[in-house]
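Counting the sequence shown from 1 gives a position; this note's numbering is that position plus 4. Where is the CB? At the ideal position from N, CA and C, for every residue including glycine. Below is one structure, written out as structure tokens, with a few remarks after it.
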Amino acid sequence: MTRNIFFTAAIIFLQIGAVAQADFFYPGAGNFNASIPTPEKFLGYAIGSHHTRHDKLVEYFKELDRLSDRVSLQVIGETFEHRPQVVATFTSPSNHQRLEEIRKAHLAGQVNGNTENIPLVIHLGYNVHGNEPSSSEAAMLTAYYLTASASEEAAKWMNEMVILMDPVINPDGRDRHSHWANMHKASPLVDDPIDREHTEIWPGGRFNHYWFDLNRDWFLGTFPETRNRIKFFHYWRPYVQTDHHEMGSNSTFYFDPGEDASNNPIVPDYLYKTVYPKYAEYFSKATDKLGSMYFTKEAYDKLYPGYGSSYINFYGGAGFLFEQASSRGHVQETTTIPLTFAFTIRNQFTASLTTVRASLAEKNMLLKMRKEFYRMAKEQQAKSAIKGFLFGDAADETRTRAFVEMLLLHEIEVYEVSSNTIADGKRFEAGKSFYVPAMQDNYIMVRSVFEKQITYIDSSFYDASAWSLVHAYNLPYAEMKSSFTAGKRITSLTARQVIDAVKSNYAYVMSNTDYNIHKAIYSLQKSGVIVQSAFRPFTANINGSDKKFGYGSVVISVQQQLISPDSLYKAIVTAGRESNISIYGIQTGYSAGGIDLGSGYVQTLKKPEVLLIIGTGVAASEAGYIWHLLDQRLQMPVTKIDILNMNRANLNRYNTMIMVSGNYSLIDTITTNKIRTWVQAGNTLITIKGGTEWAIRNRFTREKLLPADTAKGPPVRKDFDMAVHIEGAKALGGSIFRVDLDTTHPIGFGFTNRKVSVYKNGLTFLQPSSNAYSTVSQYTNDPLIGGYIHPTTLKKVKNSAAILCGNEGSGRVILFSDDPNFRGTWYGTNKLFLNAIFYGSNISVPQVVAEQE
Ligand SMILES: [Zn+2]
Numbered sequence: 005m006t007r008n009i010f011f012t013a014a015i016i017f018l019q020i021g022a023v024a025q026a027d028f029f030y031p032g033a034g035n036f037n038a039s040i041p042t043p044e045k046f047l048g049y050a051i052g053s054h055h056t057r058h059d060k061l062v063e064y065f066k067e068l069d070r071l072s073d074r075v076s077l078q079v080i081g082e083t084f085e086h087r088p089q090v091v092a093t094f095t096s097p098s099n100h101q102r103l104e105e106i107r108k109a110h111l112a113g114q115v116n117g118n119t120e121n122i123p124l125v126i127h128l129g130y131n132v133h134g135n136e137p138s139s140s141e142a143a144m145l146t147a148y149y150l151t152a153s154a155s156e157e158a159a160k161w162m163n164e165m166v167i168l169m170d171p172v173i174n175p176d177g178r179d180r181h182s183h184w185a186n187m188h189k190a191s192p193l194v195d196d197p198i199d200r201e202h203t204e205i206w207p208g209g210r211f212n213h214y215w216f217d218l219n220r221d222w223f224l225g226t227f228p229e230t231r232n233r234i235k236f237f238h239y240w241r242p243y244v245q246t247d248h249h250e251m252g253s254n255s256t257f258y259f260d261p262g263e264d265a266s267n268n269p270i271v272p273d274y275l276y277k278t279v280y281p282k283y284a285e286y287f288s289k290a291t292d293k294l295g296s297m298y299f300t301k302e303a304y305d306k307l308y309p310g311y312g313s314s315y316i317n318f319y320g321g322a323g324f325l326f327e328q329a330s331s332r333g334h335v336q337e338t339t340t341i342p343l344t345f346a347f348t349i350r351n352q353f354t355a356s357l358t359t360v361r362a363s364l365a366e367k368n369m370l371l372k373m374r375k376e377f378y379r380m381a382k383e384q385q386a387k388s389a390i391k392g393f394l395f396g397d398a399a400d401e402t403r404t405r406a407f408v409e410m411l412l413l414h415e416i417e418v419y420e421v422s423s424n425t426i427a428d429g430k431r432f433e434a435g436k437s438f439y440v441p442a443m444q445d446n447y448i449m450v451r452s453v454f455e456k457q458i459t460y461i462d463s464s465f466y467d468a469s470a471w472s473l474v475h476a477y478n479l480p481y482a483e484m485k486s487s488f489t490a491g492k493r494i495t496s497l498t499a500r501q502v503i504d505a506v507k508s509n510y511a512y513v514m515s516n517t518d519y520n521i522h523k524a525i526y527s528l529q530k531s532g533v534i535v536q537s538a539f540r541p542f543t544a545n546i547n548g549s550d551k552k553f554g555y556g557s558v559v560i561s562v563q564q565q566l567i568s569p570d571s572l573y574k575a576i577v578t579a580g581r582e583s584n585i586s587i588y589g590i591q592t593g594y595s596a597g598g599i600d601l602g603s604g605y606v607q608t609l610k611k612p613e614v615l616l617i618i619g620t621g622v623a624a625s626e627a628g629y630i631w632h633l634l635d636q637r638l639q640m641p642v643t644k645i646d647i648l649n650m651n652r653a654n655l656n657r658y659n660t661m662i663m664v665s666g667n668y669s670l671i672d673t674i675t676t677n678k679i680r681t682w683v684q685a686g687n688t689l690i691t692i693k694g695g696t697e698w699a700i701r702n703r704f705t706r707e708k709l710l711p712a713d714t715a716k717g718p719p720v721r722k723d724f725d726m727a728v729h730i731e732g733a734k735a736l737g738g739s740i741f742r743v744d745l746d747t748t749h750p751i752g753f754g755f756t757n758r759k760v761s762v763y764k765n766g767l768t769f770l771q772p773s774s775n776a777y778s779t780v781s782q783y784t785n786d787p788l789i790g791g792y793i794h795p796t797t798l799k800k801v802k803n804s805a806a807i808l809c810g811n812e813g814s815g816r817v818i819l820f821s822d823d824p825n826f827r828g829t830w831y832g833t834n835k836l837f838l839n840a841i842f843y844g845s846n847i848s849v850p851q852v853v854a855e856q857e
């Protein structure tokens, strides 16, 4: 292939070394402290010629810390793959000596005080998506510049600023991609986009260890690496936070402001109207100078609080998004000239330095932004009819506490409820319910967590249009319209102390309403305990008083075990402690109400042996949510079988198979029939979204998808340019809906309310079953709780089936129209999915007998 002159020049530059590197990345920057090594000198290769491994990057930052008293490095945690999360602080030696004093004065000045005479605190963040690698290389250059520059300007920055830097937000994903790019790099370089260097294998480096998108996790805090980072954020509450990304190779460069219509309407608009346009003046000038093309204002939303470039906006700061066209590899052909890795790094580096420069120059604007933020938040409080939110599910402390942990992570004020309260027709138990007042500094975040609907200006969404976490946790809650006297404020949850079961010679029982019930069942099963479940409720006498056990409660006979009563007791105590669920020893099988413990309705549960199909074409995140759920929350192994190995897998080892969305065309007909035979032999196939469509199309079930709209009017003509808005509005980016759940069905076991909040972000619509007992969960006639949905889409959601469960031979297929495990946050609907795994083997759907005329 003919390479043009620019490309040749770029390659030559990559080989020249230090002088050319300085000319390319920071021309005219003046002198640098010679005792500080450039990244190139330290690493032994020119920046842009290789992808830097995370450990090497960390070593470089350690070297800067060792050599310079402008830099200090700290470790804030580690990833699942044991890569350290490092954060660097850049400021003058004298500021370093009084850093804690500066931090305290900075925090104290936020709402009412004054931070004019305190160094300005900003934060630079890089590489949340591992396969968008230019930014971490730019982080090293930025770190070098801040450490080594002998310029007056840099000295001023050091004196008047505290610059925090998180050089790699997603170390596991970054290394996955960097290794890929390096191992396939050729010499000479190959810019053909289809070359293996440029086409990463599944699941790619975007995600973290469990294939989650960390750039959605700032709001959800599912992962330790995010929680460490959020804690660090609140420790400092910077004024500015950057987030650097990459986009398609044929694009250019993006910086804020984003699309006007996608600004979050509850965030005070001084940020959008004044701060972003002002910074854009600096970014455009700097980028013009490089000759780099760019765009602003037409894309990327700041609605959702879970992006690295938006989270800070909910705390009175300014989050900046940068998107650079990706070379995805070392050089890649585009519709213009080949795009080199070095070129992409230079734009990110320039954006970093420009952020520093603009922030100090516009310090007064930033201070005003924060004051405006708190002032406007107070105005919103004053106007709101809601004085606070009461919430809690006494039947599920694990789920309630997980929600409280999340609130505390976001530094939301939470109070205990000290006396039993009825509100909005719901009962909130003392000690098991909590209160969040509206009157608090972080009110904007409180609204984001609790409110189900905000008013949008636009109807096409880059991502979710609703994220009310109280619904994700499916927690009973009440909006309090008058003042409420709560108990004491809590800043951390005390450890739970579950009383060990009293040893019994007859049986043990446990209720199944707690989130951790499946963890407890699995813990028992892996210890060799035979676990049974009561498919009808019963009432047992516990310590002298009657206690009701609902559908699906757990029964463990002492005699009907292969292990000794002592071993059984040990397993019972362990399971109770691990899951924080009370297990009760009882002395009689004769129930005070409902079925007796020897009833035919008490069924033996099979230990789940789960297979999850993964690999090329499969939706990595949907699969990752399941892997993470079973692995981290249940400590239960799940075998992940690559789609290419399905033809040689011995399916008889498993009793449960899970298929998430994906293109399953790599599963051939012989393998499809092998799966069918396996289901019919008595096993359970669980499908989600696209997996459900695959199962229906391949006739694994008689259930049906809703038919496509067939009503045809006369042809309609619209303007070409309207398509983005008109067609974009029909997508379902993600909204919250209400379903009616059959709580007597094993998949609905443990739910105390038939009305459940669910998340829908796809267009899989199921017809209610022709079998009266197969529609486990159905969208209501008025299903929308919050978020945007196009009217024609809403019509399809209404009364459609959300979960279907039908027999196939001796087995069964359980079809989910939506993802019950979305982003590891839908604690409410996780239980439906886990019930499908744990009770699936026991489900035999009753047949409808034709009625006589
Ligand atoms: Zn990205």
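Can we say the segment 381-401 touches the segment 175-188, given the rule of at least three CB pairs closer than 8 angstroms? no
Buried versus exposed call for Tyr-276 [16 or more other C-beta atoms within 10 Å across all chains shown]: Counted from its first residue, the sequence shown places residue 276 at position 272. Taking a 10 Å sphere around the C-beta of Tyr-276, we find 16 or more other C-beta atoms and assign the residue as buried.
Report whether the distance from the Cβ of His-249 to the nearest heavy atom of ligand 1 is below 6 angstroms. Within the sequence shown, residue 249 is the residue found at index 245, counting from 1. Within the cutoff, so yes.
Of the residues Gly-321, Leu-168, Gln-101, Phe-345, which one's Cα is nearest the Cα of Ile-51? The residue labelled residue 51 in the question sits at position 47 within the sequence shown. Of the listed residues, the one whose Cα sits closest to Ile-51 is Phe-345.
Per-residue burial, Val-728 [other beta carbons within 10 Å of its own, 16 or more giving buried]: Counted from its first residue, the sequence shown places residue 728 at position 724. Exposed, because fewer than 16 other Cβ atoms sit within 10 Å of the Cβ of Val-728.
CB Asn-244 to CB Ala-158, shorter than 7 angstroms? Position 240 of the sequence shown holds residue 244. Position 154 of the sequence shown holds residue 158. Note on identity: in this sequence residue 244 is Val, with Asn being the wrong assignment. In this structure, Ala-158 does not lie closer than 7 angstroms to Val-244 by Cβ.
Give the DSSP-derived three-state secondary structure of Ala-355 in the structure shown. Position 351 of the sequence shown, counting from 1, holds the residue named residue 355. Under the three-state reduction of DSSP output, Ala-355 falls in the helix class.
Between Ala-22 and the rest of its own chain, which residues show a CB-CB distance below 7 angstroms, the 5 nearest in sequence each way excluded? As a first step, residue 22 must be located in the sequence shown, where it is residue number 18. Because Ala-22 sits at a pLDDT of 47, beneath the cut-off of 50, its placement in the model cannot be relied upon, and the following sentence gives the value as read from the coordinates. Thr-42, Glu-44, Lys-45, listed in sequence order.
With contact counted as at least three CB pairs below 8 angstroms, one residue from each stretch, are the segment 616-632 and the segment 657-674 in contact? yes
When the Cα atoms are used, what is the spatial distance from Gln-19 to Ser-153? Counting from one through the sequence shown, the residue named residue 19 turns up at place 15. Counting from one through the sequence shown, the residue named residue 153 turns up at place 149. Low per-residue confidence applies at Gln-19: pLDDT is 43, beneath 50, and the placement is therefore not dependable, though the value from the model is reported in the following sentence. Between Gln-19 and Ser-153, the C-alpha separation is close to 24 angstroms.
Span of the alpha helix (DSSP H) around Asp-862: This structure does not reach residue 862, given that the chain is present from 5 up to 857, and the question cannot be answered.
Return the chain-ordered list of same chain residues with a C-beta closer than 7 angstroms to the C-beta of Phe-756, the five sequence neighbours on each side being excluded. In the sequence shown, counting from the first residue as 1, residue 756 sits at position 752. Contrary to the premise, residue 756 reads as Thr rather than Phe in this sequence. Result list for Thr-756: Ala-399, Thr-517, in chain order.
Contact test: His-133 Cβ vs ligand 1 heavy atom, cutoff 6 angstroms: For the purposes of this step, residue 133 is identified with residue 129 of the sequence shown, where counting begins at 1. Yes - ligand 1 has a heavy atom lying nearer than 6 angstroms to the Cβ of His-133.
Pick out the complete alpha helix (DSSP H) segments inside the segment 697-746, 4 residues or longer, and give them in chain order. Within the segment 697-746, the complete alpha helix (DSSP H) runs of at least 4 residues are 727-732.
Distance between Glu-409 and Ala-329 (C-alpha atoms, nearest Å): Sequence index remark: in the sequence shown, residue 329 carries index 325 (1-based). Sequence index remark: in the sequence shown, residue 409 carries index 405 (1-based). For Ala-329 and Glu-409, the distance between alpha carbons rounds to 38 angstroms.
If you draw a straight line from the alpha carbon of Ser-848 to that of Pro-480, how long is it in whole angstroms? Stepping through the sequence shown from its first residue, residue 848 is reached at position 844. Stepping through the sequence shown from its first residue, residue 480 is reached at position 476. Between Ser-848 and Pro-480, the C-alpha separation is close to 32 angstroms.
Is the Cβ-Cβ distance between Phe-820 and Tyr-783 less than 7 angstroms? On the sequence shown, position 816 is the one that residue 820 refers to. On the sequence shown, position 779 is the one that residue 783 refers to. The answer is no: Cβ separation not under 7 angstroms.
Beta carbon of Glu-136: closer than 6 angstroms to some heavy atom of ligand 1? Counting from 1 along the sequence shown, the entry for residue 136 is found at position 132. Glu-136 Cβ: within cutoff of ligand 1.
Is the distance from the Cβ of Ser-266 to the Cβ of Asp-217 below 7 angstroms? The sequence position of residue 266 within the sequence shown is 262, counting from 1. The sequence position of residue 217 within the sequence shown is 213, counting from 1. For the 7 angstroms CB-CB criterion, Ser-266 and Asp-217 do not form a contact.
Which residue marks the beginning of the beta strand (DSSP E) containing Asp-170, and which one marks its end? Start at 1 with the first residue of the sequence shown, and residue 170 comes out as number 166. Element bounds for Asp-170: 165-170.
Ser-140 versus Phe-259 - alpha carbon distance: Position 136 of the sequence shown, counting from 1, holds the residue named residue 140. Position 255 of the sequence shown, counting from 1, holds the residue named residue 259. Distance between the alpha carbons of Ser-140 and Phe-259: 17 angstroms.
Cα-Cα, which of Pro-441, Lys-430, Thr-404, Gln-444 is closest to Arg-500? As a position in the sequence shown, residue 500 is number 496, starting the count at 1. Nearest C-alpha to Arg-500: Thr-404.
Taking the Cβ atom as the reference point for each residue, do Thr-246 and Phe-324 lie within a distance shorter than 7 angstroms? Here residue 246 is taken as the residue at index 242 of the sequence shown, counted from 1. Here residue 324 is taken as the residue at index 320 of the sequence shown, counted from 1. Yes; because the gap between Cβ atoms is below 7 angstroms, this pair is in contact.
Can Met-663 and Ile-617 be called in contact, C-beta distance under 7 angstroms? For this step, residue 663 is matched to residue 659 along the sequence shown. For this step, residue 617 is matched to residue 613 along the sequence shown. Contact flag set, yes.
Determine, using beta carbons only, whether Ser-739 and Gly-791 come nearer to each other than 7 angstroms. Here residue 739 refers to the residue found at position 735 of the sequence shown. Here residue 791 refers to the residue found at position 787 of the sequence shown. The answer is yes: Cβ separation under 7 angstroms.
Starting from Ile-645, trace the beta strand (DSSP E) both ways and give me its first and last residue. Stepping through the sequence shown from its first residue, residue 645 is reached at position 641. Counting along the chain, the beta strand (DSSP E) containing Ile-645 begins and ends at 643-646.
In this structure, how does DSSP classify Tyr-274 when only helix, strand and coil are distinguished? Numbered from 1 along the sequence shown, position 270 holds the residue referred to as residue 274. Tyr-274 falls in the helix class under three-state DSSP.
Local conformation of Gly-666 per DSSP, three classes: In the sequence shown, residue 666 corresponds to position 662, counting from 1. Note: Gly-666 maps to strand in three-state DSSP.
List in chain order: all unbroken beta strand (DSSP E) runs of 3+ residues lying wholly within the segment 753-831. 759-764, 779-790, 805-812, 815-820
Report the three-state DSSP secondary structure of Ile-590 (helix, strand or coil). As a working note, residue 590 is residue 586 in the sequence shown. Strand, per DSSP.
For Thr-517, the three-state DSSP class (helix, strand or coil): For the purposes of this step, residue 517 is taken as residue 513 along the sequence shown, with counting starting at 1. If DSSP states are grouped into helix, strand and coil, Thr-517 belongs with coil.
Would you call the segment 143-151 and the segment 71-87 in contact, with 3 or more CB pairs under 8 angstroms? yes
Where does Tyr-629 fall in DSSP's three states? Sequence index remark: in the sequence shown, residue 629 carries index 625 (1-based). Looking at Tyr-629 - three-state DSSP - the assignment turns out to be helix.
Own chain, CB closer than 7 angstroms to Leu-307, minus 5 neighbours either side, in chain order: What you label residue 307 is simply residue 303 of the sequence shown in a count that begins at 1. The residues are Ser-266, Asn-268.
Specify, as a first and last residue, the run of the beta strand (DSSP E) that Glu-82 falls within. Position 78 of the sequence shown, counting from 1, holds the residue named residue 82. Looking at the DSSP string, the run of the beta strand (DSSP E) that includes Glu-82 is 75-82.
Given Ser-531, which residues of its chain have a CB within under 6 angstroms of its CB, disregarding the five upstream and five downstream residues? Here residue 531 corresponds to residue number 527 of the sequence shown, with the count starting at 1. Only Ala-575 meet the Cβ criterion.
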